[in-house]
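Asker:
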Ligand SMILES: NC(=O)c1ccc[n+]([C@@H]2O[C@H](COP(=O)([O-])OP(=O)(O)OC[C@H]3O[C@@H](n4cnc5c(N)ncnc54)[C@H](O)[C@@H]3O)[C@@H](O)[C@H]2O)c1
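Residue numbers (our numbering): 65 to 401.
Following this line, the structure appears as structure tokens:
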């Protein structure tokens with residue numbers, strides 16, 4: 065049994081807690097900590113068998129019975145919490161992004177490498193564990209579509225976050241499209257060498273006033289010479305629109321949105337199908353459980369997770385390259401960063 069502690073009991077901290085409680089029997093949540101722990105969450109945690117509910121995360125790091133931590137606190141704390149958890153000898157699952165600065169992630173990477181105990185460090189790119197994206201990746205890796213020539217990722221949220229969030233989250237590339245940047249690498253099996261980002265504020269003027277964009281496209285050149293595009297929007301009126309395609313010399317692989325059902329109703333008035341599931345909690349719940357299951361398996365078996373600190377580092381470089389490209393209105397080579 066692997067004893068875990070969860071640091072941060074907000075939205076994603078609760079998702080991971082529920083995933084473990086409902087489907088990761090090799091893990092036991094010994095504690096959960098949040099300085100702003102809501103009474104209802106504390107009550108729920110106790111009722112779910114989580115014995116220790118703290119306001120101070122240090123109590124988790126000091127507890128020698130705890131083997132691993134899930135870092136689910138606000139983004140600005142991830143790197144510092146990672147460093148402290150490494151010093152305490154805990155395995156780490158860290159939510160994306162690890163940090164908004166390459167230097168801080170490099171610091172975490174160096175601390176991991178210097179740790180006398182071999183520690184598992186997994187980053188929360190849950191889409192790699194989604195059944196659709198995983199099947200696409202497997203088809204590409206098996207050579208079914210031949211040499212990759214083009215990747216397309218469409219990523220549209222159903223509603224924008226509050227503008228204050230846009231200001232502190234690092235912006236659309238760092239907070240939202242970082243998943244899509246990771247998807248291009250994951251689906252193609254290639255690295256990004258150059259990209260060109262464009263953006264506009266078409267949905268909420270307050271997001272523009274906070275210094276961000278709410279609509280963006282990125283064109284990317286990959287290491288095998290293939291091309292990719294990502295289109296991102298903070299608001300699709302019909303729900304969470306997450307689709308992708310990999311096109312190659314032998315064919316293409318495409319994934320569609322998940323819906324409540326696959327039914328299509330055809331009448332004299334037209335043909336209708338279900339809307340996509342509403343947002344990431346509905347669409348990706350299975351992937352959240354699968355990623356935590358892999359984290360625990362990696363600890364038990366001493367193997368590397370499929371998404372480690374290097375992926376966390378590269379994705380931040382790509383997000384920073386997007387921001388630089390948008391700011392300077394020019395293509396940016398990733399090795400400029
Ligand atoms: N992988 C995904 O799909 C996904 C989805 C949502 C959020 N996230 C990431 O997860 C992180 C949290 O996002 P969220 O939506 O859950 O936000 P949230 O605001 O709901 O939760 C963050 C929690 O961290 C707590 N916190 C602040 N300081 C703390 C400290 N010192 N110790 C412990 N807890 C502390 C806050 O009180 C809050 O409850 C963000 O970095 C976000 O990017 C990832």
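Using N, Cα and C, we set each Cβ at its ideal position, and we do this for glycine too.
I'd like to check one pair, residue 187 with residue 361: are the Cβ atoms closer than 8 Å?
Answerer: Cβ atoms of residue 361 and residue 187: not closer than 8 Å.
Asker: Using DSSP's beta-bridge definition, name the partner residues of residue 116.
Answerer: Per DSSP, 95.
Asker: Is residue 76 near ligand 1, judged by its Cβ being under 7 Å from some heavy atom?
Answerer: Under cutoff, so the answer is yes.
Asker: Check whether the Cβ of residue 134 lies closer than 7 Å to any heavy atom of ligand 1, and answer yes or no.
Answerer: The answer is no for residue 134.
Asker: Taking the alpha carbon of residue 65 as the point to measure from, which residue in 75, 93 and 76 has its own alpha carbon closest?
Answerer: Per the Cα distances, 93.
Asker: Just to check my reading of the structure: residue 162 and residue 179 have Cβ atoms closer than 8 Å, yes? What is that Cβ distance to the nearest angstrom?
Answerer: Not confirmed; about 16 Å, so no contact.
Asker: Going by alpha carbons, who is nearest to residue 118 out of 69, 196 and 231?
Answerer: Of the candidates 69, 196 and 231, the one whose C-alpha sits nearest the C-alpha of residue 118 is 69.
Asker: Who are the near neighbours of residue 339 in its chain, counting only those whose CB is closer than 6 Å to its CB and skipping five residues on each side?
Answerer: 302 and 303, listed in sequence order.
Asker: Find out if the Cβ-Cβ distance for the pair residue 192, residue 250 is shorter than 8 Å.
Answerer: Yes, these two residues count as a Cβ contact at 8 Å.
Asker: Tell me whether residue 195 is buried or exposed, calling it buried when 16 or more other Cβ atoms sit within 10 Å of its Cβ.
Answerer: By the 10 Å Cβ count, residue 195 comes out exposed.
Asker: For a test of the three-state rule: what should DSSP assign to residue 270, helix, strand or coil?
Answerer: Note: residue 270 maps to helix in three-state DSSP.
Asker: So residue 214 and residue 292 are supposed to be a Cβ contact under 8 Å. How far apart are they, rounded?
Answerer: Going by Cβ atoms, the distance from residue 214 to residue 292 rounds to 7 Å, so yes, they are a contact pair.
Asker: Shorter than 7 Å, the distance from the beta carbon of residue 71 to the closest heavy atom of ligand 1, or not?
Answerer: Because some heavy atom of ligand 1 lies under 7 Å away, the Cβ of residue 71 counts as near it: yes.
Asker: Is residue 94 close to ligand 1? I mean its beta-carbon at under 7 Å from any heavy atom of the ligand.
Answerer: No, since every heavy atom of ligand 1 falls outside the 7 Å radius drawn around the Cβ of residue 94.
Asker: Check this for me: beta carbons of residue 156 and residue 169, under 8 Å apart or not?
Answerer: No; because the gap between Cβ atoms is not below 8 Å, this pair is not in contact.
Asker: Tell me, please, whether the stretch 256–271 touches the stretch 388–397 by the rule of three or more beta-carbon pairs shorter than 8 Å.
Answerer: With a cut-off of 8 Å, the stretch 388–397 and the stretch 256–271 count as touching, because enough Cβ pairs lie within range.
Asker: Sorted by chain position, which residues of the same chain lie with C-beta nearer than 6 Å to residue 266's C-beta, five sequence neighbours on each side aside?
Answerer: Answer for residue 266: 279, listed in chain order.
Asker: Can you give the beta carbon distance from residue 149 to residue 133, rounded, assuming they're within the 8 Å contact cut?
Answerer: Between residue 133 and residue 149 the Cβ distance is about 5 Å, and since that is below 8 Å, they are a contact.
Asker: Using CA atoms only, rank isn't needed, just tell me which of 255, 190, 314 and 231 is closest to residue 211.
Answerer: Nearest of 255, 190, 314 and 231 to residue 211, Cα basis: 314.
Asker: If you check the beta carbons only, do residue 299 and residue 222 fall under 8 Å apart?
Answerer: It is a contact, given that the beta carbons lie within the stated cut-off.
Asker: By how many angstroms is the C-alpha of residue 397 removed from the C-alpha of residue 272?
Answerer: Distance between the alpha carbons of residue 272 and residue 397: 26 Å.
Asker: Determine the closest residue to residue 381 out of 87, 74 and 164, with distance taken between C-alpha atoms.
Answerer: Per the Cα distances, 164.
Asker: Considering only residues of the same chain and omitting the five flanking positions on each side of residue 130, which have a CB-CB separation below 8 Å?
Answerer: Contacts found: 67, 68, 69, 94, 95, 124 and 154.
Asker: Which same chain residues end up closer than 6 Å to residue 233 when comparing Cβ atoms and leaving out the 5 residues on each side of it in sequence?
Answerer: Only 239 meet the Cβ criterion.
Asker: For a minimum of 4 consecutive residues, which ranges assigned as the alpha helix (DSSP H) are wholly contained in the stretch 348–387?
Answerer: Here the runs fully enclosed are 349–365.
Asker: Check for me: the alpha helix (DSSP H) holding residue 199 runs from which residue to which?
Answerer: Element bounds for residue 199: 195–205.
Asker: Is residue 138 close to ligand 1? I mean its beta-carbon at under 7 Å from any heavy atom of the ligand.
Answerer: Checking the Cβ of residue 138 against ligand 1 gives yes.
Asker: Take the Cβ of residue 327 as the centre, count every other Cβ of all protein chains shown within 10 Å, and call the residue buried at 16 or more, exposed below.
Answerer: It counts as exposed.
Asker: So within the stretch 121–194, which uninterrupted beta strand (DSSP E) runs reach at least 3 residues, ignoring any that extend past its ends?
Answerer: Counting whole runs of 3 or more residues, the stretch 121–194 contains the beta strand (DSSP E) stretches 132–135, 155–158 and 185–187.
Asker: If you draw a straight line from the C-alpha of residue 307 to the C-alpha of residue 343, how long is it?
Answerer: Whole-angstrom Cα-Cα distance: 13 Å.
Asker: Relative to the alpha-carbon of residue 231, which residue among 255, 209, 204 and 275 has its alpha-carbon at the smallest distance?
Answerer: Minimum Cα distance to residue 231 is reached at 275.
Asker: Residue range of the alpha helix (DSSP H) that residue 287 falls in?
Answerer: Element bounds for residue 287: n/a, residue is neither H nor E.
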